[in-house]
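Chemist: What follows is a single structure, and I will ask about it in a moment.
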Amino acid sequence: MKAVIQRVTEASVTVDEKKVANIGHGLLILLGVEHEDTHEDVKWLSNKVARLRIFNDENGVMNTSLLDTGGEAIVVSQFTLHASTKKGSRPSYLKAAKPDISIPMYEAFVAQLEKDLNKKVQTGIFAADMKVALLNDGPVTIIIDTKNKE
0 MKAVIQRVTE
10 ASVTVDEKKV
20 ANIGHGLLIL
30 LGVEHEDTHE
40 DVKWLSNKVA
50 RLRIFNDENG
60 VMNTSLLDTG
70 GEAIVVSQFT
80 LHASTKKGSR
90 PSYLKAAKPD
100 ISIPMYEAFV
110 AQLEKDLNKK
120 VQTGIFAADM
130 KVALLNDGPV
140 TIIIDTKNKE
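Note that the sequence shown covers residues 0 to 149 in numbering that gives the first Met the number 0.
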């Protein structure tokens, strides 16, 4: 699994001109699933996202997590995170999992994050043409790949 995590002051997802998700202070998480991902990846990534200390404490130091701040989250499916640009100019998405794998893993990640945060997590609509708007705070953007647990 790959995730692009953006600290935001606000974010929203719109589908067919209807806002389907909307948050204030928190995280916008773009999530890509590949066919080799497991439920262990789901648990590890969710725990990492919930506890990632990228929010400012009272001294202005990035030292608190989404869990600490009580912030909100939106998870958006993003198969293009697994694009390979090695050959030519057209990206290949062969590593991205097909819907029969990616939908259950995406849903499992959202459920695990809700459990880890002890609150509802908003989502986009899987495979829809989504318009994602955000005001990146910082900017702070972190990329995490469960295949490269740094």
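Note that CB positions come from ideal geometry on N, CA and C, so glycine has one too.
Report back the beta-carbon spacing between M61 and V32 to the nearest angstrom; my notes put them in contact at under 8 Å.
Modeler: 28 Å between Cβ atoms; not a contact.
Chemist: Inspect the CB distances between the stretch 8 to 21 and the stretch 38 to 49 and report whether three or more fall short of 8 Å.
Modeler: No, the stretch 8 to 21 is not in contact with the stretch 38 to 49.
Chemist: Counting only the same chain and skipping the five closest in sequence on each side, list residues whose C-beta sits under 6 Å from that of D36.
Modeler: Answer for D36: M0 and M104, listed in chain order.
Chemist: Just tell me which of A132, R52 and V74 has its CA closest to the CA of T68.
Modeler: Of the candidates A132, R52 and V74, the one whose C-alpha sits nearest the C-alpha of T68 is R52.
Chemist: Can you check DSSP and say which residues form a bridge with N21?
Modeler: Answer by DSSP bridge pairing, in chain order: S11.
Chemist: State whether the stretch 136 to 143 contacts the stretch 90 to 107, with contact taken as three or more CB pairs (one from each stretch) at a distance under 8 Å.
Modeler: Because the criterion of three Cβ pairs below 8 Å is not met, the stretch 136 to 143 and the stretch 90 to 107 do not touch.
Chemist: Nearest by alpha-carbon distance to N151: which of D136, N147 and V131 is it?
Modeler: Residue 151 lies beyond the range of the chain shown here (0 to 149); nothing can be said about it.
Chemist: Count the other CB atoms, across all protein chains shown, that sit within 10 Å of the CB of L134; report buried if there are 16 or more and exposed otherwise.
Modeler: Per the 10 Å Cβ criterion, exposed.
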